[in-house]
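Read the structure below first, then the notes.
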Amino acid sequence: MKLYPLFADLSRRAVLVVGGGGVAERKVAALLAAGAQVTVGAPELTPQLQRWVRQGRVAHRAGEFTPGWLDYVWLAVAATSDRALNARVAELAGLRRVFVNVVDDAELSSFHVPAVIDRAPLVVAISSGGAAPMLARLVRERLETLLDHSLGPLALLAARLRRRIRRRHPDLAARRRFYTELFTGPVAALLRKGQAAQAAVAAEQALRAAPIGQAGSVVLVGAGPGDPGLLTLRGLRALNEADVILHDRLVSAEVLELARRDAERIEVGKQAGHHHAAQDEIHALLLEHAQAGRRVVRLKGGDPFVFGRGGEELEFLRDHGIPYEVVPGITAALACAAHAGVPLTHRDHAQSVRFVTAHCRDSLDTLDWRALAQERQTLAVYMGVAGLEGFREQLLAHGRAPFTPFALVENGTRADQRVVTGTLANLPERAQAHAVRSPALLILGEVAALAGRLAWFGAPPLGEALAAPPRLRPLRTTPAACEPARRRA
Ligand code: SAH
1307 MKLYPLFADL SRRAVLVVGG GGVAERKVAA LLAAGAQVTV GAPELTPQLQ
1357 RWVRQGRVAH RAGEFTPGWL DYVWLAVAAT SDRALNARVA ELAGLRRVFV
1407 NVVDDAELSS FHVPAVIDRA PLVVAISSGG AAPMLARLVR ERLETLLDHS
1457 LGPLALLAAR LRRRIRRRHP DLAARRRFYT ELFTGPVAAL LRKGQAAQAA
1507 VAAEQALRAA PIGQAGSVVL VGAGPGDPGL LTLRGLRALN EADVILHDRL
1557 VSAEVLELAR RDAERIEVGK QAGHHHAAQD EIHALLLEHA QAGRRVVRLK
1607 GGDPFVFGRG GEELEFLRDH GIPYEVVPGI TAALACAAHA GVPLTHRDHA
1657 QSVRFVTAHC RDSLDTLDWR ALAQERQTLA VYMGVAGLEG FREQLLAHGR
1707 APFTPFALVE NGTRADQRVV TGTLANLPER AQAHAVRSPA LLILGEVAAL
1757 AGRLAWFGAP PLGEALAAPP RLRPLRTTPA ACEPARRRA
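Residue numbering for the sequence shown follows our numbering, starting at 1307 and increasing by one per position.
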């Protein structure tokens, strides 16, 4: 079946819906939304349909279907559960040259109702010509995630400015460039942030500005821990729009796969000990590409604001007048905890969690060890595996119990994830015995004992079986007032 796609203007046009059940109700709702004058024909109506009839929004023909119902209508929908009746409606409609849709019957239908992504006034309609409605639905779901809800307001804004844009840019190529910039540049970004008034102002400015090259921008995107499923939808959209992607070494190949095919990819890995030079180089690259009018995505592992120097990059961009946005990502601590079955907080074992980094001797020296050594809190430690001995030493010296459990997560969320468990007393030895390599995240605290029981992803944890929870008195500090009322009753 080869269908001709079309969008129909049904405002104030008569449409007949035969049937008064739930399916008919849904069809009527969609038709009303399009402004159609709906008549529903059926002996009985759902309560909602009855309400619409009472409110005068829908006309009602009671009783059994008669061909006269089809007089003067532009479209008809057969939505009864009676196949023979549906077929009769379809046949009579055909004789009168009225387009008819028979619900769930592609063959009897002379028009189909597509799966729709509604960003009104922008609408995307998908049809499989009745061959595989479920596939059309799946495609719809995929597209739904890709198309930001700000597209609706963006289309309205474009409609409002359309004539003036045409006058300002009579040349078609120039007009195209203007629209591309309008739809993907700062105006669109403002709308995504929900700043409609500012977006309108920015659009006005763009209209008045001399048609020079487009302005560049930078989006700082958190790529998450590695599994592409953990990238945010907004991050995915930014990758789809990027001209240039500056990414850390830590960003997985699978995430990079999702970027626009023709985007330039630049790895800006940092080597330990050369942080400063590398960071300056990154700043220079950001500036160069943004000033050349490109849409730059600065893609970082995990979240850009968690031990990612995202703040420094933003300050630099701000100082140079480059517009920027930030898209958060799932940070390693959250991702590794989830994928190792270690809840970072737990009513019985830990009331707080600290994100700590300890990449070298110097950073170890600056930490507040007394605070870190407190029990019943979880430490999520972003670090090279090299510092583990110093880490143990300090925690023990400041009173953390040697039997405090840990889970060390290597390559968290990736296919080759490994989890090594043990206690603080044997932490560096256990890491060494299993040759744990970077990237690895250490989770230390009472909750880590749950890794053995709650593990669900990848290989089971490598470690001595720990009784969970380990040698802990049950915690009774939760005040009764925090308990749900029914518990107290
Ligand atoms: N901005 C990043 C952290 C950068 S620091 C984030 O929010 O996750 C780099 C450290 O993060 C690594 O040394 C390691 O400790 C941790 N890390 C990042 N990805 C990881 C992963 N997939 N598995 C385990 N640790 C990871």
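The C-beta atom is built at its ideal place from N, Cα and C for all residues, glycine as well.
Residue environment analysis places alanine 1339 among the exposed positions, since fewer than 16 neighbouring C-beta atoms fall within 10 angstroms of its C-beta. In this structure, the straight-line span from the alpha carbon of serine 1523 to that of alanine 1529 is close to 18 Å. In this structure leucine 1536 touches alanine 1641 by the C-beta definition: roughly 6 Å separates them, less than 8 Å. For histidine 1553, the three-state secondary structure derived from DSSP is strand. In this structure, proline 1373 lies near leucine 1398, with their beta-carbon atoms less than 9 Å apart. Counting the other Cβ atoms within 10 Å of the Cβ of valine 1715 gives 16 or more, which makes it buried. In the structure shown, tyrosine 1485 falls within a helical segment according to DSSP collapsed to helix, strand and coil. Just so you know, the alpha carbons of aspartate 1609 and histidine 1740 end up roughly 28 Å apart. Looking at Leu1678, Thr1684 and Ala1342, the one whose alpha-carbon comes closest to that of leucine 1650 is Thr1684. Here asparagine 1546 is exposed. Its C-beta has fewer than 16 other C-beta atoms within 10 Å.
DSSP, reduced to helix, strand and coil, places proline 1311 outside both helices and strands of the structure shown, so it counts as coil. In this structure, arginine 1571 sits near leucine 1562, with a CB-CB distance shorter than 9 Å. For the 9 Å CB-CB criterion, alanine 1731 and arginine 1698 form a contact. Runs of the alpha helix (DSSP H) lying entirely within the segment 1412-1462, each at least 4 residues long, are 1439-1452 in chain order.
Annotated as proximal: leucine 1463 and leucine 1488, with beta-carbon spacing under 9 Å. Shortest gap from the CB of glutamate 1716 to any heavy atom of the ligand SAH: under 8 Å. Here the C-alpha atom of alanine 1590 lies approximately 10 Å from the C-alpha atom of alanine 1596.
Here valine 1612 has Thr1637 and Phe1661 as same chain residues with Cβ atoms under 7 Å from its own Cβ, once five neighbours each way along the sequence are excluded. By the beta-carbon neighbour count (other beta carbons within 10 angstroms, threshold 16), arginine 1724 is buried.
In the structure shown, isoleucine 1749 adopts extended strand secondary structure according to DSSP, grouped into three states.
Annotation: valine 1379 to isoleucine 1471 spans about 39 Å, alpha carbon to alpha carbon.
Placement of the Cβ of methionine 1689 at a distance of less than 8 Å from at least one heavy atom of the ligand SAH is found.
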